[in-house]
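A.B. asks: Can you read through this structure? Questions will come right after.
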Amino acid sequence: MSGGRGPRPHELRGGWVEAPSPRSRRARQVAVIGSSRCEAGSETSALAEEVGRRLAQAGLTLVCGGLTGVMEAACRGAAEAGGTAIGIVPGNGVGEANPFCTHVVATGIGHGRNLAVVSSGEVVIAIGGEWGTLSEIGHARAVGRTVIALRSWALSGRGRMEGAPGVVRADSAREAVELALEAL
């Protein structure tokens, strides 16, 4: 103990105690990405809602871009299953998030928030998607995240990128969540 600040909590009771790892108290996080233009009631929307529900049932926290479409459907599924959904929105106000987000981070950085979304998940599930989703897939792979592609982009490459390493195809919401759990 120095400087008169008193003992730190892990120094109390006569010795050092290993402080619990923050990870042990925090739910694992999975990012869900996809188009904001996904129509309510569409097959893509239903898949996203099922993915959100299955993630919540597995005790995982969902992270997404917080807006409409795939993001809203996934958040709705998580919320209805009693789960947590974090929305990382592009603008300056938390009010732009869909109503199913449990927590909202307003970034004020526009599409730059795509990197924050995929970096906040330990694995990424891409459902359908447009150009923004493709950029998120690229960011996810650049930072080493496995991407589970559920009716999303089919990627190819040359040399080291042949076969799109780190991007795994799933045919159902159930398979996507199972693959995400395996990747954690």
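Heads up: the sequence shown begins at 1190 in my numbering, then just goes up one per residue. From the three backbone atoms N, C-alpha and C, an ideal C-beta is built for every residue, glycine too.
#1: Can you list, in chain order, the residues of its chain whose CB lies under 8 Å from that of residue 1216, leaving out five sequence neighbours each side?
#2: Assuming residue 1292 is part of the beta strand (DSSP E), what are its boundary residues?
#3: Look at the alpha carbon of residue 1356 and the alpha carbon of residue 1317, and state the distance between them as a whole number of angstroms.
#4: Given this structure, state the Cα-to-Cα distance separating residue 1341 from residue 1271, to the nearest angstrom.
#5: Would you mind stating whether residue 1268 and residue 1227 have Cβ atoms separated by less than 8 Å?
#6: My understanding is that residue 1295 touches residue 1283, with C-beta atoms under 8 Å, so please give their C-beta distance in whole angstroms.
#7: Considering only DSSP beta bridges, list what residue 1223 is partnered with.
#8: So, at 6 Å on beta carbons, what are the nonlocal neighbours of residue 1338 in its own chain, with the 5 sequence-adjacent residues on each side left out?
#9: So, using beta-carbon positions, are residue 1219 and residue 1331 closer together than 8 Å?
#10: Is it buried or exposed, residue 1238, if we count other Cβ atoms within 10 angstroms and call 16 or more buried?
#11: One question on the structure: do residue 1366 and residue 1265 come within less than 8 Å of each other, judged by their Cβ atoms?
#12: Is residue 1233 helix, strand or coil by DSSP?
#13: Taking the alpha carbon of residue 1260 as the point to measure from, which residue in 1245, 1246, 1277 has its own alpha carbon closest?
#14: Three-state secondary structure (DSSP) at residue 1337?
#15: Name the one or two DSSP bridge partners that residue 1274 has.
#16: Pick out whichever of 1281, 1344, 1293 has its Cα sitting closest to the Cα of residue 1299.
#17: Among 1372, 1349, 1214, which has the Cα closest to the Cα of residue 1336?
C.D. replies: The short version:
#1: If we look at residue 1216 and ignore the five residues flanking it on each side, its Cβ neighbours are 1248, 1249, 1250, 1273.
#2: 1292-1295
#3: 14 Å
#4: 27 Å
#5: no
#6: 5 Å
#7: 1316
#8: 1315, 1356, 1358
#9: no
#10: buried
#11: Not a contact, by the Cβ cut-off of 8 Å.
#12: Helix.
#13: 1277
#14: Strand, per DSSP.
#15: Per DSSP, the beta bridge partners of residue 1274 are 1251.
#16: 1281
#17: 1372
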